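Reviewing the structure listed below.
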Amino acid sequence: MCVSSRPRSRLTPPTWRRWRWRRLAPTLGILLAVAASAARRGRAGAWAAGLALAATAAVCLTFGVTELRRVGPAWLLTPTRSVPPGWIPNDPFPAFAASRSLPEAARVLFVGEPRGFGFPRRFVAPSQFDVSPLRAVLERSSGPGEACERLRRQGFTHILVNWGELDRLAGGYPVAPWRNVQGWRRWRTFVTWLGEPVVQVGSVQVFALPPNAPQV
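Residue numbers for the sequence shown follow my numbering, so the first one is 2 and each next one is one higher.
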């Protein structure tokens, strides 16, 4: 089961840095709680509170300096600039902006893309921890035409696929719309049957689900 057979570490250096800060951040609250509690316990408590506050300040300063070195002060002073490449893995937001061309009544099922903030139409974006709802649809359908009809009955008019993010997440999360090689072939047949995407930006494609699809 794989989009890519390449061996891949889930904690590459940039990912590890993000993971590290995200998990360490809650400890700041614990340090501040210790400081508040210890400050009321005499001189020794005041020293403990001071150490806790100093540790909190050191963590915040380290994080601030690290981020400033990474992004540069010029970007912080010009917030209207685009987000530098690499900040957002497989950035879907340019494709979201292009999706304003979709019909107002569109309802889009996301595949391999758990982020939906800013998408201009109604959508369903399962998290990376959820099995893609498209998997069951494809497994229960005799062909792509029936799968399309099932999705239409559920109210969907389009599907959005972030191929880069699907590749990144499929190795460790149940986001893929297949569970085995046969399912992968079924998925590829379905996407090919849909034809050309109506939106394509980077690794993100949006496909229209044709109404009254013929059974294939």
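Heads up, the beta-carbon is just placed ideally off N, CA and C, and yes, glycines get one too. These numbers come from a predicted model, not from an experiment.
query: Would you say V138 and R151 are within 8 Å of each other, going by their C-beta atoms?; result: yes
query: Buried or exposed for P212, please, with buried defined as at least 16 other CB atoms from any protein chain shown within 10 angstroms of its CB.; result: exposed
query: Nearest-angstrom Cα distance between F208 and S143?; result: 20 Å
query: Just reading off the beta strand (DSSP E) that L161 is part of, what are its end residues?; result: H159 to N163
query: With DSSP as the reference, label R189 as helix, strand or coil.; result: helix
query: In chain order, what residues of the same chain lie with their CB nearer than 7 Å to the CB of V132, ignoring the 5 residues before and after it?; result: P175
query: DSSP puts Q206 in a beta bridge; with which residues?; result: V162 and Q201
query: How long is the line joining the alpha carbons of A34 and A49, rounded to whole angstroms?; result: 11 Å
query: Kindly identify the DSSP beta-bridge partner or partners of R123.; result: R108
query: Closer than 6 Å by C-beta to R187: which residues in its own chain qualify, once you throw out the five before and the five after it? Chain order, please.; result: L139
query: Can you tell me the Cα-Cα spacing of L161 and Q206, whole angstroms?; result: 6 Å
query: Leaving out five residues before and five after S128 in sequence, what residues of the same chain have Cβ atoms less than 7 Å from its Cβ?; result: P115
query: Between which two residues does the alpha helix (DSSP H) containing P134 stretch?; result: P134 to R141
query: Can you give the Cα-Cα distance for R101 and F111, rounded to whole angstroms?; result: 16 Å
query: Check the C-beta distance from A126 over to V202 and give it rounded, since I have them as a contact under 8 Å.; result: Not a contact, Cβ separation roughly 17 Å.
query: With a threshold of 16 other CB atoms inside 10 Å of the CB of V66, please say whether the residue is buried or exposed.; result: exposed
query: Beta-carbon within less than 6 Å of L103's beta-carbon, same chain only, minus the 5 sequence neighbours each way: which residues are those?; result: R122
query: On the DSSP letters alone, give me the boundaries of the alpha helix (DSSP H) that E114 sits inside.; result: Looking at the DSSP string, E114 is not in any alpha helix (DSSP H), and its letter there is neither H nor E.
query: Count the other CB atoms, across all protein chains shown, that sit within 10 Å of the CB of L62; report buried if there are 16 or more and exposed otherwise.; result: exposed
query: Determine the direct distance from the alpha carbon of R169 to that of N181, and round the result to whole angstroms.; result: 17 Å
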